[in-house]
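Taken in sequence, the protein lines are chains A and B.
According to the numbering used here, the first sequence is numbered sequentially starting from 31.
According to the numbering used here, the second sequence is numbered sequentially starting from 2.
Glycine included, each C-beta is placed from N, C-alpha and C at the ideal position.
To keep things clear, I will list the structure first and then write my remarks on it.
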Amino acid sequence: MRFENPEIEDGINVSKEHPLKEFSQLLIGLLVIIVVAVLVLSYSVGYFAQKIPFSYEEKLVSHIDALNVEESAQQKKLQALADRLSAKMDLPEGMKITVHYSNDATVNAFATMGGHVFFFKGLIEKLPSENALAMVMAHEIAHIKHRHPVVAMGKGVTMLTLASFVTGASGSGAGELLINESMTLGLMKFSRDQESQSDLTAVHALNAVYGNVQGAKELFDVFSELSDGAKKANKTTANEYEIFLSHPRTENRWEKLRDYSQQRGWNLKGETTALDFRF
Amino acid sequence: MLLSNLEILPNKRVVKHLGLVQGSTVRAKHAGKDILASFKNVFGGELKAYTELMQEARDEALQRMVAQAESTGANAVLNIRFATSSVAQGAAELFAYGTAVVLEER
Numbered sequence: 031m032r033f034e035n036p037e038i039e040d041g042i043n044v045s046k047e048h049p050l051k052e053f054s055q056l057l058i059g060l061l062v063i064i065v066v067a068v069l070v071l072s073y074s075v076g077y078f079a080q081k082i083p084f085s086y087e088e089k090l091v092s093h094i095d096a097l098n099v100e101e102s103a104q105q106k107k108l109q110a111l112a113d114r115l116s117a118k119m120d121l122p123e124g125m126k127i128t129v130h131y132s133n134d135a136t137v138n139a140f141a142t143m144g145g146h147v148f149f150f151k152g153l154i155e156k157l158p159s160e161n162a163l164a165m166v167m168a169h170e171i172a173h174i175k176h177r178h179p180v181v182a183m184g185k186g187v188t189m190l191t192l193a194s195f196v197t198g199a200s201g202s203g204a205g206e207l208l209i210n211e212s213m214t215l216g217l218m219k220f221s222r223d224q225e226s227q228s229d230l231t232a233v234h235a236l237n238a239v240y241g242n243v244q245g246a247k248e249l250f251d252v253f254s255e256l257s258d259g260a261k262k263a264n265k266t267t268a269n270e271y272e273i274f275l276s277h278p279r280t281e282n283r284w285e286k287l288r289d290y291s292q293q294r295g296w297n298l299k300g301e302t303t304a305l306d307f308r309f
Numbered sequence: 002m003l004l005s006n007l008e009i010l011p012n013k014r015v016v017k018h019l020g021l022v023q024g025s026t027v028r029a030k031h032a033g034k035d036i037l038a039s040f041k042n043v044f045g046g047e048l049k050a051y052t053e054l055m056q057e058a059r060d061e062a063l064q065r066m067v068a069q070a071e072s073t074g075a076n077a078v079l080n081i082r083f084a085t086s087s088v089a090q091g092a093a094e095l096f097a098y099g100t101a102v103v104l105e106e107r
């Protein structure tokens, strides 16, 4: 028997391939899976969240102290305006709009879970007429009518659950979101589509109540001035005007509404009602 | 390629000894199967995904050992052994080794 110890070929047990090649393949694969999962989940959650009965939504937020109404003269006026508008917006049965007024200088208004709409003094002070205020109000009511807050909340919770599942985080971010929901109520982000859907619904209500859509024009003029002013002062609009955080400002928002109204033969201009707010 | 656990085969003669050849692999199943296996753990029974995992790992290790043997010009691997170790959770290392030889009919 002869003995030999030949060199054995390299690369049989250990691959010669550069590890970064496999890494990039895996990374791309993982990203594709995540993107698909996010799209499928957010679409289906968005669809099913709309089916959640409004009464469940109300119950879910009923324990949050921040949603208790602080009655004041301004709050009552705003509530009366909301009632006038919502009467023309054929809201689903059992849907109740509750308006809150805050004496804060923040330039913002937002709609949140359970049919609650918040108005800040800062925003109302900038508005020229009741019509413009009605446009904001109708826009926020439209969010509630189309169930945008519950959809946004559902998507947020789902994405956090997914993130904690993917990263294997032990503390569930979704649980924390639900616990701290009172803090995140005002931070709800609606998509561009949801914003324009609400704009259209709002302009319908505006025309039904006032017989013209002058309020929408005035509102978007105010928005343009605010953002131009902020740009000139070289400040980020985000810090000063929270409304631009929660409402993506698109240049053509008014143009879209103008065309929409013209198609329906609505009056673009008309009498406006003065805003009788005493601060 | 003749593979055997024996050191000496009947009616065969080792004409050339070519040294140790070895094949190893570390494999894992995808996360879905790991989750399924953890559910199965609750009820007990065969963790089929892991049986399959070990089978695949043994096959691959053996194939690599044979590839090494072929590269040395052997026509048989004798005295083959298997070994296993745990490298990462849910992954198995399988290691197969033996002696590459050239056999001849006696």
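Mind pulling the chain A residues with CB within less than 9 Å of K17/B?
-> Indexing the second sequence from 1 puts residue 17/B at position 16. Residues of chain A passing the Cβ test: M31, R32, F33 and E34.
Report the three-state DSSP secondary structure of N17/A (helix, strand or coil).
-> As shown, chain A starts at 31 and ends at 309. That puts residue 17/A outside it, with no answer to give.
Run the CB neighbour count on S25/B, radius 10 Å, all protein chains shown included, and call it buried at 16 or more, exposed below.
-> The residue you call residue 25/B lines up with position 24 of the second sequence. That one is buried.
Bounding residues of the beta strand (DSSP E) (the contiguous stretch that carries V78/B) = Position 77 of the second sequence, counted from the first residue, corresponds to residue 78/B. Counting along the chain, the beta strand (DSSP E) containing V78/B begins and ends at A77 to S86.
Is the region 79-90 of chain A close to the region 177-187 of chain A, with three or more CB pairs under 8 Å?
-> Yes, they touch.
Tell me whether the beta-carbon of N6/B lies closer than 8 Å to the beta-carbon of N80/B.
-> Along the second sequence, read from residue 1 onward, the residue named residue 6/B stands at position 5. Along the second sequence, read from residue 1 onward, the residue named residue 80/B stands at position 79. Taking 8 Å as the Cβ cut-off, N6/B and N80/B qualify as a contacting pair.
Residue environment, K107/A, which counts as buried when at least 16 other CB atoms sit within 10 Å | Sequence index remark: in the first sequence, residue 107/A carries index 77 (1-based). By the Cβ neighbour-count rule, K107/A is buried, with 16 or more other Cβ atoms within 10 Å of its own.
Identify whether G145/A lies in helix, strand or coil by the three-state DSSP scheme.
-> Looking up residue 145/A in the first sequence gives position 115. Correct three-state label for G145/A: helix.
Quick one: what's got a C-beta closer than 7 Å to A62/B's C-beta in the same chain, skipping five residues either side?
-> Against the second sequence, residue 62/B aligns to sequence position 61. Result list for A62/B: G24, S25, T26, L95, F96 and A97, in chain order.
Pull up the distance between the alpha-carbon of L121/A and that of N98/A, whole angstroms please.
-> Translated into the one-based positions of the first sequence, residue 121/A becomes position 91. Translated into the one-based positions of the first sequence, residue 98/A becomes position 68. When rounded, the distance between both Cα atoms is 22 Å.
Are the C-beta of E86/B and some C-beta of chain A separated by less than 8 Å?
-> Residue mapping note: residue 86/B aligns to position 85 of the second sequence, counting from 1. First, the residue type needs correcting, since residue 86/B is Ser and not Glu in the sequence shown. Not closer than 8 Å to any Cβ of chain A, the Cβ of S86/B fails to qualify, so no.
Using DSSP with H/G/I as helix, E/B as strand and the rest coil, what is V187/A?
-> Taking the first sequence and counting its residues from 1, the one referred to as residue 187/A is at position 157. Reduced to three states, the DSSP call for V187/A is helix.
Endpoints, the alpha helix (DSSP H) within which S291/A is located | Indexing the first sequence from 1 puts residue 291/A at position 261. For S291/A, the enclosing alpha helix (DSSP H) has its first and last residue at R283 to Q293.
Which residues, taken in chain order from the region 33-65 of chain A, show a beta carbon closer than 7 Å to some beta carbon of chain B?
-> F33, E34, N35, P36, I38, E39, I42 and N43
Determine the direct distance from the alpha carbon of G41/A to that of L71/A, and round the result to whole angstroms.
-> What you label residue 71/A is simply residue 41 of the first sequence in a count that begins at 1. What you label residue 41/A is simply residue 11 of the first sequence in a count that begins at 1. If you take the alpha carbons of L71/A and G41/A, they lie about 43 Å apart.
Kindly identify the DSSP beta-bridge partner or partners of F33/A.
-> One-based indexing of the first sequence puts residue 33/A at position 3. BP columns for F33/A point to H18/B.
Own chain residues within Cβ distance below 6 Å of V166/A, not counting five before or after | To locate residue 166/A, count along the first sequence from 1; it is residue 136. For V166/A, where only same-chain residues beyond five positions count, the Cβ hits under 6 Å are A139.
Show which residues of chain A have a CB atom less than 9 Å away from the CB atom of G24/B.
-> Translated into positions along the second sequence, residue 24/B becomes position 23. Chain A residues near G24/B: I42 and N43.
Taking only beta-carbon positions, decide if T267/A is within less than 8 Å of chain B.
-> Stepping through the first sequence from its first residue, residue 267/A is reached at position 237. Residue placement at T267/A is poorly supported in this model, since its pLDDT is 47, which falls under 50; the coordinates are not used for a value here.
Select from S102/A, V65/A and E225/A the residue whose C-alpha is nearest the C-alpha of K151/A.
-> One-based indexing of the first sequence puts residue 151/A at position 121. Considering only alpha carbons, the answer is S102/A.
What first and last residue would you give for the alpha helix (DSSP H) that runs through H48/A?
-> Position 18 of the first sequence, counted from the first residue, corresponds to residue 48/A. H48/A -> no alpha helix (DSSP H), and no H or E assigned at all.
Among all the DSSP beta bridges, which residues are the ones paired with E105/B?
-> Counting from one through the second sequence, the residue named residue 105/B turns up at place 104. Note: E105/B sits in a beta bridge opposite R14/B.
What residues in its chain sit with their C-beta under 7 Å from that of A38/B, if we drop five residues either side in the sequence?
-> Within the second sequence, the letter at position 37 stands for residue 38/B. For A38/B, where only same-chain residues beyond five positions count, the Cβ hits under 7 Å are L48, A50 and Y51.
Kindly confirm or deny that the region 167-177 of chain A and the region 122-131 of chain A touch, where touching means at least three C-beta pairs closer than 8 Å.
-> In short, these stretches touch, since the Cβ pair count reaches three.
Under three-state DSSP, which class holds F220/A?
-> On the first sequence, position 190 is the one that residue 220/A refers to. Residue state, collapsed to three classes: coil.
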